[in-house]
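What follows is a set of notes on a single structure, which appears directly below.
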Amino acid sequence: VDVDEVDLLEYLNDDPDTEVIALYLEGTKRGKELRNVLGKMKKPVIILKNGRSDIGSRAVNSHTSSIAGNDKIYDALFNQYSNVFRVDNFYELFNIAQVFATQPLLKGKNIAIVTGSGSLGALACDEIEKQGLKLANLEESTIEKIKSVIPNWVSIGGTIDLGPSMFETFIPSIKAIFQDNNADCILYIFSVPRVPLQRMASFALAGIKAQFTTLLQSAEKSEKPCIIVCFGSRWVFDFVSEAASQTKSKLIIPIMTRINQAIKAFKMMYEFGKS
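Numbering (this note's numbering), first residue to last: 59 to 333.
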């Protein structure tokens, strides 16, 4: 079958059932046609192009006899189009594609962060600045609503760090944040370790299910994108994912394991929404 990336992009661009395109590219023999078809794309195109290094280029050649080409040329090509986004690995390719496929576009740059770990919240802030986005400056009324339900030792500075009070204070806090006009999207960093989750067992499972139900309802009502980053072991990720699957909702909130990928997804969605 003589079908290549140009043919597939042309087909998927017109396919009514395709909302986002994820492309793994080792090289192309139709450079001019690839440039032309990328210029016609109406949908977000997430591209993983390997062969960035000399070693990688040689590996591509030995793998498929493709010519990876000068990586700077591909970078320049992709950067010409506001709906074409280059990612660095398969995890980013699939995670960011899922965000595009399941979440509404951002209406602004402001990201609200809810976390149980101040250190992870600070790392997320670094990534927000790196991507040229902004930490949401929540309205005073939102802050007051959160203060009314949290212990006095909980930090609600730039990020909303609920700490150990997470299971008791998350639902009213997240409802208030979704209603805030200064929050364009929400990042929830789940950071409860394995041992406490195992000890709390059914209580923890029920608590996470309630959190997801509230997230889904709030996201649908507000039409704001939301991503969950699950920090911890594979066991924790599977535990949280299992709880999420029991909500029986048609909506999906992506769950990732890397903060930088979540912020990058928000950035790409914001850029696509502007185009």
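Think of the CB as a built atom: it goes at the ideal place given N, C-alpha and C, for glycine as much as any other residue.
Rounded to a whole number of angstroms, what is the C-alpha to C-alpha distance between residue i and residue j?
i	j	result
Ile125	Asp219	Interpretation of Ile125 is limited by its pLDDT of 49, a score under 50 that renders its predicted location unreliable; the figure taken from the coordinates is listed afterwards. Their Cα atoms are separated by approximately 49 angstroms.
Pro230	Leu196	15 angstroms
Lys192	Gly215	14 angstroms
Ile344	Ala194	Any property of residue 344 remains undetermined from this structure, which presents the chain solely from 59 to 333.
Lys90	Val64	10 angstroms
Met99	Val172	35 angstroms
Ala234	Ser291	30 angstroms
Ser140	Gln256	45 angstroms
Ser175	Val212	11 angstroms
Tyr246	Leu66	35 angstroms
Gln304	Lys267	7 angstroms
Ile286	Val95	34 angstroms
Ser276	Gln269	11 angstroms
Ser338	Pro74	In the structure as shown, the chain begins at 59 and stops at 333. Residue 338 is therefore absent and cannot be evaluated.
Gly85	Asn137	17 angstroms
Leu178	Leu309	26 angstroms
Ala301	Pro251	15 angstroms
Gly221	Arg144	35 angstroms
Pro162	Ala241	14 angstroms
Asp62	Asp184	39 angstroms
Asp238	Trp293	33 angstroms
Gly265	Ile131	50 angstroms
Ser333	Thr217	29 angstroms
Leu83	Thr315	25 angstroms
If you count every other CB in all the chains shown that lies within 10 Å of the CB of residue i, and 16 or more means buried, which is it?
i	result
Val253	exposed
Gln189	buried
Glu198	exposed
Tyr69	exposed
Lys282	buried
Lys107	buried
Lys205	exposed
Ile79	buried
Phe148	exposed
Lys203	buried
Glu150	buried
Asp72	exposed
Ala259	exposed
Looking only at C-alpha atoms, which of the options sits nearest to residue i?
i	options	result
Met326	Ser260, Ile105 and Thr272	Ile105
Asp146	Gln138, Tyr139, Asp129 and Ser140	Asp129
Leu317	Ser140, Phe148 and Leu181	According to the sequence provided, residue 317 is Ile. The question's Leu does not apply to it. When only C-alpha atoms are compared, the closest one is Leu181.
Leu164	Cys284, Pro209, Asp60 and Cys183	Cys284
Asp60	Arg88, Ile310 and Phe270	Arg88
Pro102	Asp75, Ala155 and Arg93	Ala155
Phe236	Lys279, Val142, Ala302 and Leu81	Lys279
Thr227	Leu263, Phe136 and Ile208	Ile208
Thr76	Leu135, Thr160 and Gly109	Thr160
Gly346	Pro74, Tyr132, Val142 and Asp73	Residue 346 cannot be examined here, being either before or after the span of the chain that is shown, 59 to 333.
Arg110	Asp133, Thr86 and Leu178	Asp133
Thr200	Ile232, Asp62, Gln319 and Gly265	Ile232
Gln319	Val157, Leu83 and Ile131	Val157
For a quick check, are the C-beta atoms of residue i and residue j less than 9 angstroms apart?
i	j	result
Cys243	Phe324	yes
Thr313	Ile186	The residue asked about is misnamed: residue 313 is Ile in this sequence, not Thr. No, they are not a contact pair.
Ser249	Phe289	yes
Gly97	Tyr328	no
Phe295	Phe261	no
Leu273	Ile311	yes
Ser223	Thr271	no
Leu135	Leu92	yes
Within the 9 angstroms Cβ cut-off, does residue i reach chain D?
i	result
Leu245	The structure shown contains no chain D; it is built from a single protein chain.
Is any non-hydrogen atom of the ligand SAH found closer than 8 angstroms to the C-beta of residue i, if you look at the structure I gave you?
i	result
Ser303	This structure simply doesn't include the ligand SAH, nor any ligand for that matter.
(request) Jot down the residue ranges of each uninterrupted beta strand (DSSP E) in the region 133-208, minimum 3 residues, whole runs only, in chain order. (result) Listed in chain order, the complete beta strand (DSSP E) runs (minimum 3 residues) inside the region 133-208 are 142-145 and 168-173.
(request) Let me know the alpha helix (DSSP H) ranges lying completely inside the region 217-287, each 4 residues or longer, listed in chain order. (result) Taking 4 residues as the minimum length, the alpha helix (DSSP H) runs contained wholly in the region 217-287 are 224-236, 252-258 and 260-280, in order along the chain.
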